[in-house]
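Numbering (my numbering), first residue to last: 604 to 770. In this text, a Cβ means the ideal position worked out from N, Cα and C, and glycines have one as well. Have a look at the structure below before the remarks.
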Amino acid sequence: MTTPLTHRLAVYTGTFDPVHLGHLDIIGRGSSIFDRLIVGVGINPDKQPFFDQSERVELVRAVIAPYANVSVLPFTSLAVTFVREVGARVMLRGLRTTSDMENEFTMSLMNLNLDPEIETVFLMAKEAYSHVSSTLLRQIATFGGNLEKFLPPTVQRALEDRVRQRG
Numbered sequence: 604m605t606t607p608l609t610h611r612l613a614v615y616t617g618t619f620d621p622v623h624l625g626h627l628d629i630i631g632r633g634s635s636i637f638d639r640l641i642v643g644v645g646i647n648p649d650k651q652p653f654f655d656q657s658e659r660v661e662l663v664r665a666v667i668a669p670y671a672n673v674s675v676l677p678f679t680s681l682a683v684t685f686v687r688e689v690g691a692r693v694m695l696r697g698l699r700t701t702s703d704m705e706n707e708f709t710m711s712l713m714n715l716n717l718d719p720e721i722e723t724v725f726l727m728a729k730e731a732y733s734h735v736s737s738t739l740l741r742q743i744a745t746f747g748g749n750l751e752k753f754l755p756p757t758v759q760r761a762l763e764d765r766v767r768q769r770g
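This is the structure we're talking about:
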């Protein structure tokens with residue numbers, strides 16, 4: 604028996620390595636649009652993460668506490684498969700730049716081919732976060748740059764600690 608899909612539930616997937624204020628902006632805005640939002644913390648075989656999946660899940664859980672209708676789950680499958688498994692019909696995605704649009708457009712078309720019942724909804728990043736990416740933040744942390752404008756304090760401490768451990 605398959606799980607009935609609902610449009611009241613959306614899933615926001617990513618690697619979140621680390622979760623930053625741009626992600627939190629999408630989470631906050633998504634939580635006000637949908638009855639429930641699940642943040643799916645996945646793995647990307649093309650990336651070498653700073654944090655393992657369980658650490659990333661815990662960091663996201665720590666910063667989404669203010670949102671009563673948001674929960675966090677790890678996943679290791681295709682994102683579209685995970686969205687179906689939790690019973691959602693909507694995959695929420697954030698867009699920062701035109702290069703994001705190209706990549707996300709391609710991914711959303713592939714996801715639609717893989718599962719035509721699941722729609723992708725895009726939220727444009729606020730201008731303050733349009734240049735922020737986890738990759739850039741890891742680089743800034745590696746070279747001792749100031750991360751206060753981009754990360755919640757809990758995540759900033761964790762990232763700075765991880766850089767010291769790796770150093």
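Per-residue DSSP class, three states only, for residue i
{"i": "S674", "result": "strand"}
{"i": "V735", "result": "coil"}
{"i": "L754", "result": "coil"}
{"i": "A668", "result": "coil"}
{"i": "I646", "result": "coil"}
{"i": "Q759", "result": "helix"}
{"i": "Q742", "result": "helix"}
{"i": "Q656", "result": "helix"}
{"i": "Q651", "result": "coil"}
{"i": "D764", "result": "helix"}
N- and C-terminal bounds of the beta strand (DSSP E) containing residue i
{"i": "L612", "result": "609-617"}
Bridge-paired residues (DSSP) for residue i
{"i": "I641", "result": "V614, S674"}
Below-9 Å beta-carbon distance, residue i vs any chain D residue
{"i": "I629", "result": "Protein chain content of the structure displayed is limited to a single chain, and chain D is not contained in it."}
Where the alpha helix (DSSP H) through residue i begins and ends
{"i": "I629", "result": "624-636"}
Proximal residues to residue i (C-beta, below 8 Å), its chain only, five neighbours per side dropped
{"i": "K650", "result": "T618, D620"}
{"i": "L612", "result": "F637, D638, R639, L640, I641, V689, G690, A691, R692, V693"}
{"i": "N672", "result": "S634, F637, D638, R639, L640"}
Spatial neighbours of residue i in its chain, beta-carbon cut-off 6 Å, leaving aside the 5 residues before and after
{"i": "R765", "result": "F653"}
{"i": "L754", "result": "H623"}
{"i": "M727", "result": "L698"}
{"i": "K729", "result": "D628"}
{"i": "F685", "result": "G643, F678"}
{"i": "N716", "result": "none"}
Other residues of its chain near residue i: CB distance less than 7 Å, five sequence neighbours each side excluded
{"i": "Y670", "result": "I630, G631, S634"}
{"i": "S733", "result": "R699, T700"}
{"i": "A744", "result": "L750, L762, E763, V766"}
- Query: Residue ranges of each beta strand (DSSP E) run of no fewer than 3 residues wholly in the segment 678-731, ordered along the chain?
  - Reply: 691-698, 722-727
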